[in-house]
Amino acid sequence: MAENENVTAKKPRVRPIVRLGIFLISHSNYVSLICFVSGIVALLLLPILAKNTYVSENALMPGSANNMLSTHHVSHANKFINDLTDSDIESHKIIAHYMSALDAEVTYHKFYPQLNQFHPLHFFTSPDSGLVSKNISCSSLGINVAGIIRAPRGDGKEAIVLVTPYNPKKVGPGEALSLGIAYSVFSLLSRVTWLAKDVIWLVADSQYGEYSAVAAWLREYQAPAFHEADIVNSEICNDSNAINELGQNAYSDRKLYGGFRRAGTMAAALVIKVAEQGNHHEDSLNIYPEASNGQMPNLDLINIVNYLGVHKQGLRIKVTKMFSLLGSRWLNTLGGIFESLGQIARSLNPEWKFGISATEYVEGAATLASSLYYQGLGVPTGPHGAFRDYQVDAITLEISPKVSPTKMIRRNEFILLGGRLIEGVIRSVNNLLEKFHQSFFLYLLTSSSKFVSVGVYMIPFALLVAPLPILAASLHADASKSTPQSTSSTEVDVSHKSWKWLNAARKVLVIHLWGAIVSLLPYFLYQIPNSTPTTNFTVWGILSAFSLLILYFISASPIFEAAPSQPEKGEWASLKSVTISTAFIGLSLMSVINFATAEIGALLIVPICLLARPLKLDIRARSLRALLRATCNLVLGFIALPPVAYALTKGAFEGFYGTNVGDYWNWVESLWTWNSATYLYVGIVHLPCWALCIHILFHPC
Amino acid sequence: MMKKSKKVQWFWTWVIGSVLLRLILVYFPKNLNLSSRPEVSTPLTSIRRLAEGYWLKQSSMSPYAGSMYHGSPLLLTLLGPLTVTRIEGQPDHLLCSLLFVMADIVTAMLICATGKKLQAAYSSSLQLVGLHHLSEDSDVLPSGDFAALVYLWNPFTIVACVGLSTSAIENLMVLLTLYGACARLAPLAAFGWVMATHLSLYPAILIIPVILLFGYGPDAPPRKLFRQRKNLEVENSTTGDKSCLEDELINEKSMRSVFSWRPVVLFLFWALLWSSYVLFLCGIYVQQHGGLQEMFKRTYGFILTIQDLSPNIGVFWYFFAEVFDFFRSFFLIVFHGNILLMIVPLALRLNHRPCFLAFVYIVLASMLKSYPSVGDSALYLGLLGLFAYELKDMQFSFFLFSGYVGVSLLSPVMHNLWIWRGTGNANFYFATAIGYACLQIILVIESVSAMLNHDRMITKLSTAKLQNVKS
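Top to bottom, those sequences are chains R and D. Taking the numbering used here, the leading residue of the first sequence gets 214, the next gets one more, and so forth. Taking the numbering used here, the leading residue of the second sequence gets 4, the next gets one more, and so forth.
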């Protein structure tokens, strides 16, 4: 049937969707320009499009009950703080003593700070239980203390976790206060009747880092390792202090238990900290939600903290922002423009209320930028990050008092304030029937009470990357058309015209292989003893260039050349089309793994990908437009090189003073040690695409 | 001659390279953990389930107890002992891995041999219809070697092999069928077909292409061309002298368009023999555990009723997780009918190209299978290489390539987002499964239409030539 139609109808009818596709592809230049510009505009509009947060889960009911935390609990907490700071016996024993006095089950968890190992494909696979590193020195033993209150009304299948990091070697006043706040809440919760979930108070030993202590405890809780050989060995060498006393205590105190104790699955976790410096204005609360690879806790958790903090305790809730953006002139101007646009719109129709004031816009933009930055970095902003790897929603609450905790007079008042906030949050979470699922997991914050959801923030990204497949299709079509069509079928056409891209794909594959090699090189550079970041960086750069040269020669050798052909006229076009397609695939993939990285990466790599064109052609053309494009290409090519991009961004935000090449190495090292997917993105997607674009720029056509 | 030997050398270098890559990857099983990926191991092909089945059998229980193992008993006797043998200091399942590597290589060699047979037959049949220049063209690209290398270097094949999926063995059996049919070895083809059907049921539909292969011979241009040519030459020969050579040619041409029943009957006889033999062996093995009926229920029944709804790269699990129980049997019939529905029209349209028909059937089966894995895609992508010459004008090849790369990377990420991070849900993963299914549909449509275009082109050229001769 279809055949007959084809034969009879001389001019094949084209379906509208195909026609639309052809239209887009044939006008790819304009389409990509429009898409790219509107993508950037949409990105700038995000602070305006942000919605107010709302508590989505009905069961939470924040603030519906009156606070029960009284001065009585606070005075107990005060005593606890004094004991902790003044006494000379080991602090974990005091904490355990106080916990067991509240009828809590207390366990010590001893751990060895784990060296961060690189698990590059963490987001592809399941989390593993982690391997205990072989050479543990006996001196570096950390002891976490965990107290568990069993809920009188619960079945012990769910739990809420409170975490207070502290350093037993030197308990600072802020840490002591945070312990005090947690203690006051804990002492209240041990007596209340409404508790439906067990409450775990983890006092994390932060002398080797807050994160690693919490992560070690969580690993033991969620995925215990059963190869205990190393631990037994280390117990032998650790004869003196902790372990023996643990055993003795177990006899004296029935509440203290040598093994590891668990409560149920964790519904939520709160990390409580008190800032060491006062901020001189008012009591405020900083929220740190970002976990590894840009994962965020459920928005409802932030919502209840925000709601209780603002409406019940009168705290000022803050989310980190880029302070350098606040003073930037162009952003203020932009804010002004948007404000006046909003006013004009409102004067036309009072129903339209999309305008926000310029200062609000700038604040929102600065917060959004930092939200993007910290998510994009993929490094958790606090110990709460460890929880997210086990699907537990967690945030760090840093309460900063008006005056510095060292010279605080009204300590009781402060503890009452913090304690009531925590109590309210725990009471809300206690009401949960299921785990957090109602609200968003994928969002960006523009202030503590405003957010941009995934449906909105995907628009700018989609607009940014949309030109890539369109341009790739148009280039591909051109490249396959440009081959001299062998109409006379006697001519042998070995390089089949529809498979011509295979040659370009081979090149692209080789370059991406190079990218993988470059990202593996730091693993070997780590083995070099006592080297400075600068030398490491230099060696890395030289080795990368060297490996590129080697791969280039291997791939140019006849092994890979199926039919050795002269560089064709349209070769760069097909190479560019394959490059763009890989960039598109890489960016789309990254937008699923870590949206913020993909967004920032798209801003850097998409312009050069779109514009790249052999300089020779442009110079030959000698028109103003061609020369302009050539200079644009060179500038963009320079900017898109990862170290340069890093240096420029750093310079833009922090000033160029004191920038050196070693900084980039340090930055990369931090990404590497935190298993950030951003590292892989830079190595395997960004760098090869950049190299290919440069290759196209200097293509001998 | 020089060029040819050089080419052969390169071919072997690449083959050895692929083996080395597999061996290297086999030594990192812990880091890759491929055998637990849903893309690689389905309930039918997972080696862990096989090991469990073997363990049950060793402790004199039914291997099918507890809904763990759903494969063939013969596979248990073959692979079972290998799963428990451990060599000190070597990774677990090393022997199994080596067996799968070997299976991959044998499959590749079979593809290569099949390709050579197809190519020789095709160029001779092109000469018969008088298109000599095309037959020279088709000889330029060694499609057999090409297809074998595509199969060996396909990441899907490598992943399936390193992930210890038994689909490597299934693929081997399918290729045995095709090779046996192309080489006209009825016993071999029958053995391959019986084993492939026994292992995974879906290759049963390959009986149609195999019968066509035995009946008509390997892929050739449309049959009416031979008839036209014959008529013309008969006309010519009545006027001119009749030489012995021409007579032979005419005979061959007439043979091309006649279905020969003898080899087909032979094949069917052998198939009957082999299947009764296989059933006999299976019967002995499962004698004490419910007999053959239980085996059929646990293998074919498990495939057809889709009891395991754990996520995979297919589209059925999602649907049957959602569907109401009382509609279940209806939709089971509808979904399985999908494959059967397409068998007859395709067989009618492509009966002159049985090997290509087999390729299309394999793609359809691996798309509409109840438990698909990447091993199935590896098979049809390898076979696609066999038709490199005919499909040189295939459209959307670049789009398909990018699509396959994109989906195969996106799918594990979505799975991670759903299962481990908990920020996504089943829809995220299922979206990639739909994307994957769409890609396979486009692949089938484009390859079939490219093949039909190729046929049209040949018809046009051949008739033009005939006109010339006549005038």
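C-beta atoms are modelled at their ideal positions from N, C-alpha and C, and glycine is treated no differently.
Check your understanding: What is the DSSP secondary structure of Phe-915/R, counted as helix, strand or coil?
Key -> As displayed, chain R neither begins before 214 nor continues past 914, which places residue 915/R out of reach and without an answer.
Check your understanding: Fully enclosed by the region 535-565 of chain R, which alpha helix (DSSP H) runs are 4 residues long or longer?
Key -> 536-539 and 542-561
Practice item. Pick out the complete alpha helix (DSSP H) segments inside the region 150-181 of chain D, 4 residues or longer, and give them in chain order. Key: 158-165
Point to revise | The alpha helix (DSSP H) enclosing Val-451/D, as first and last residue numbers | key: 429-473
**Study point:** Beta-carbon proximity check, Ala-685/R vs Ser-790/R, cutoff 8 angstroms
**Key:** yes
Practice item. Might you give, ordered along the chain, the residues of its own chain that have their beta carbon closer than 8 angstroms to the beta carbon of Lys-534/R, omitting 5 neighbours on each side? Key: Glu-576, Ala-579, Thr-580, Ala-582 and Ser-583
Review point. Got a sec, what are the start and stop residues for the alpha helix (DSSP H) Gly-814/R sits in?
Key: 808-824
Point to revise | Within chain R, partners of Val-408/D - CB distance below 9 angstroms | key: Ser-794, Thr-795 and Ile-798
Practice item. Output yes or no for whether 8 angstroms exceeds the beta carbon distance between Pro-378/R and Ala-429/R. Key: no
Exercise for review: Within its chain, find whatever has a CB closer than 6 angstroms to the CB of Asn-749/R; leave out the 5 residues flanking it on each side and keep chain order.
Suggested key: Leu-738 and Trp-878
Exercise for review: Check each candidate in Leu-688/R, Thr-872/R and Phe-473/R and name the one with the smallest Cα separation from Ile-356/R.
Suggested key: It is Phe-473/R.
**Study point:** In DSSP terms, what Ile-500/R is bridged to
**Key:** Val-532/R and Leu-610/R
Exercise for review: May I ask you to list, following chain order, the residues of the region 397-424 of chain D that have a beta carbon less than 9 angstroms from some beta carbon of chain R?
Suggested key: Met-397, Gln-398, Phe-399, Ser-400, Phe-401, Phe-402, Phe-404, Ser-405, Val-408, Gly-409, Leu-412, Leu-413, Pro-415, Val-416, Met-417, His-418, Asn-419, Leu-420, Ile-422, Trp-423 and Arg-424
Check your understanding: With burial defined as no fewer than 16 other Cβ atoms inside 10 Å of the residue's Cβ, what is the status of Phe-390/D: buried or exposed?
Key -> buried
Check your understanding: Which residues in the same chain as Val-22/D place their Cβ atom closer than 7 angstroms to its Cβ, once the five residues preceding and following it in sequence are excluded?
Key -> Result list for Val-22/D: Val-104 and Ile-108, in chain order.
**Study point:** Distance between beta carbons of Thr-795/R and Val-721/R, contact taken as under 8 angstroms
**Key:** 6 angstroms
Practice item. Select from Trp-421/D, Val-162/D and Thr-117/D the residue whose C-alpha is nearest the C-alpha of Pro-145/D. Key: Answer by Cα proximity: Thr-117/D.
Check your understanding: Which partner residues does Ile-375/R have in the DSSP bridge list?
Key -> Contrary to the premise, residue 375/R reads as Leu rather than Ile in this sequence. For Leu-375/R, which the question treats as bridged, DSSP gives the partners Trp-414/R and Leu-483/R.
Check your understanding: Can you tell me where the alpha helix (DSSP H) with Leu-658/R in it begins and where it stops?
Key -> No alpha helix (DSSP H) contains Leu-658/R, which is instead part of the beta strand (DSSP E) from 656-660.
Exercise for review: Classify Thr-45/D as buried or exposed, calling it buried when 16 or more other Cβ atoms lie within 10 Å of its own Cβ.
Suggested key: buried
Exercise for review: Can you give me, in chain order, the residues of the region 426-452 of chain D that have a beta carbon less than 7 angstroms from any beta carbon in chain R?
Suggested key: Under the 7 angstroms Cβ criterion, the region 426-452 of chain D contributes Thr-426.
Practice item. Using a cut-off of 8 angstroms between C-beta atoms, extract the partners of Ser-505/R located in chain D. Key: Simply none; closest approach about 10 angstroms.
Exercise for review: Starting from Asn-357/R, follow the alpha helix (DSSP H) in both directions and report where the run begins and ends.
Suggested key: Premise fails: Asn-357/R lies in the beta strand (DSSP E), 355-362, not in any alpha helix (DSSP H).
Point to revise | Proximal residues to Gly-20/D (C-beta, below 6 angstroms), its chain only, five neighbours per side dropped | key: none
Exercise for review: For my contact list, Glu-495/R and Ser-617/R are in at a C-beta cut-off of 8 angstroms; report their separation, rounded to the angstrom.
Suggested key: Rounded, the Cβ-Cβ distance is 14 angstroms, inconsistent with contact.
Point to revise | Counterpart residues of Lys-663/R in DSSP-defined beta bridges | key: Asn-265/R and Ser-660/R
Point to revise | Members of the region 642-657 of chain R near chain D, C-beta cut-off 7 angstroms | key: Phe-654 and Leu-655
Point to revise | Buried/exposed call for Glu-270/R, threshold 16 Cβ in 10 Å | key: That one is buried.
Review point. Nearest-angstrom Cα distance between Met-198/D and Lys-300/D?
Key: 18 angstroms
Check your understanding: Any beta-carbon of chain D closer than 8 angstroms to the one on Ile-456/R?
Key -> Residue placement at Ile-456/R cannot be trusted, given a pLDDT of 43 that sits under 50; what the coordinates show is reported in the next sentence. Taking Cβ atoms only, chain D never reaches closer than 8 angstroms to Ile-456/R, which makes this a no.
Check your understanding: With a CB to CB cut of under 8 angstroms and the five nearest residues on each side skipped, what residues in its chain are close to Thr-308/D?
Key -> Leu-335, listed in sequence order.
**Study point:** Terminal residues of the alpha helix (DSSP H) in which Trp-887/R lies
**Key:** First-last for Trp-887/R: undefined, no H or E at that position.
Check your understanding: Does the beta carbon of His-689/R sit closer than 8 angstroms to a beta carbon anywhere in chain D?
Key -> Residue contact check for His-689/R against chain D: a CB pair falls below 8 angstroms.
Review point. In terms of alpha-carbon separation, which member of Asn-516/R, Thr-792/R and Phe-293/R lies closest to Lys-264/R?
Key: Asn-516/R
Review point. Between which two residues does the alpha helix (DSSP H) containing Glu-636/R stretch?
Key: 624-643
Point to revise | Val-319/R, DSSP secondary structure in three states | key: It is a strand residue.
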